[in-house]
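These notes concern the structure reproduced below.
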Amino acid sequence: MNPGYLSAICLLLIVVLGWMGALDGLLARLQIRMRTFLALLFAVYLTSGWHIPLGSITSVSVGAFVLPAMYFFFLWGRQERDIRSYNFAAALLTGVTLFLLRYVLKLDPVLHIVDEIYLIAGATAILPLVMSRHAEQVITIAGLGLCFMEVMSWMFLNPPGFPTVIGEFSFRDSLVFSLLLALLLHMVVFRCVDASTTLVRKVLVKRSR
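Just so we're aligned: 45 in the working numbering is position 34 of the sequence shown, and the numbers increase by one with no gaps anywhere.
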């Protein structure tokens, strides 16, 4: 699949989920309206082709990197101080882990069982799951972690002297698909945990009688 198409498909899926009301609880915790959320998503998609030069051979994508990074830092800044410290450390750990995964994949192409985007998305979905309890933490940790990964990849993996774009279409695909997968996995796992807890409580109540 060509870079950019996966994020467009995920964008349509997010619109469908929002229309079905599956995102109402998350948006309420994020204190954002559905229209504003969709406007941000479309802004990310439409401005991905805009680039800000950072020197003679380096540029950064407005829609694929700058806008998402600003929004993730905005979410992070609204949290309480203790939670901010934890989420920043978790996001940095996620970013370093994803960077090392990308580095290993470049060293040994045999590990490319599937495309790198799907491997990054799978790791991004699993890492915040073991670090957070709430969905808004998943978004903050996964989003900032992916941004940290992109910056570290630009600093250490790109060959010197070659034109580089921070936040290419492939990064936008990884970002949108990873966030969608992480939220869906978080929702399924914790609903199963809540259902199991409720079932155990009912069994214990019956036995106590």
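Heads up, the beta-carbon is just placed ideally off N, CA and C, and yes, glycines get one too. Just so you know, these numbers come straight off a predicted model, no measurement behind them.
By Cβ distance, which residues of its chain are closer than 6 Å to residue i, with the 5 residues on each side in sequence left out?
i: T69; result: T175
i: L112; result: A134
i: L41; result: E147
i: G15; result: F180
Leaving out the 5 sequence neighbours to the left and right, which residues in its chain are closer than 8 Å to residue i when beta-carbon positions are compared?
i: L140; result: V149, A193, L196, H197 and V200
i: V77; result: I63, V71 and G178
i: L23; result: none
i: E91; result: none
i: R95; result: W87 and G88
For residue i, count the other beta carbons within 10 Å of its own beta carbon; 16 or more makes it buried, fewer makes it exposed. Which is it?
i: L157; result: buried
i: M81; result: exposed
i: C21; result: buried
i: G32; result: exposed
i: K214; result: A small fix is needed here, since residue 214 is Val in this sequence, not Lys. By the neighbour-count rule (16 or more Cβ atoms within 10 Å), V214 is not buried but exposed.
i: A101; result: buried
i: A136; result: buried
i: T208; result: exposed
i: L34; result: buried
i: L210; result: exposed
Below 8 Å on the Cβ atoms is my contact criterion, and I expect residue i with residue j to pass it. Report the Cβ-Cβ distance as a whole number of Å.
i: M241; j: L86; result: The chain is shown from 12 up to 220; residue 241 falls before or after that span and cannot be answered.
i: T57; j: G74; result: The displayed chain sequence assigns Leu, not Thr, to residue 57. Indeed they touch by this definition, with Cβ atoms about 7 Å apart.
i: A153; j: S189; result: 6 Å
i: P79; j: V107; result: So it is not a contact: roughly 19 Å between Cβ atoms.
i: I25; j: L191; result: 6 Å
i: F237; j: L155; result: This structure cannot settle anything about residue 237, because the visible part of the chain is limited to 12 through 220.
i: I128; j: L17; result: 7 Å
i: Y114; j: L168; result: 6 Å
i: T105; j: L138; result: 5 Å
What residues in its chain sit with their C-beta under 7 Å from that of residue i, if we drop five residues either side in the sequence?
i: S67; result: none
i: T151; result: F83, L86, W87, N98 and A102
i: W165; result: T175 and I177
i: R144; result: none
i: M142; result: A101 and I152
The stretch 178-194 contacting the stretch 58-76, beta-carbon criterion three pairs below 8 Å: Contact between the stretch 178-194 and the stretch 58-76 is present, because at least three Cβ pairs lie under 8 Å.
Stretch-stretch touch, CB-based, cutoff 8 Å, three pairs: the stretch 47-56 with the stretch 111-129: Per the Cβ contact rule, the stretch 47-56 is not in contact with the stretch 111-129 (fewer than 3 Cβ pairs under 8 Å).
Stretch-stretch touch, CB-based, cutoff 8 Å, three pairs: the stretch 182-190 with the stretch 126-140: When C-beta atoms of the stretch 182-190 are compared with those of the stretch 126-140, three or more pairs fall below 8 Å, so the two segments count as touching.
Inside the stretch 68-149 only - alpha helix (DSSP H) runs reaching at least 4 residues: As far as the stretch 68-149 is concerned, its whole alpha helix (DSSP H) runs of at least 4 residues are 78-88, 92-118 and 127-137.
Minimum length 3: unbroken beta strand (DSSP E) runs contained in the stretch 16-75: Counting only runs of 3 or more, we get 62-64 and 69-72.
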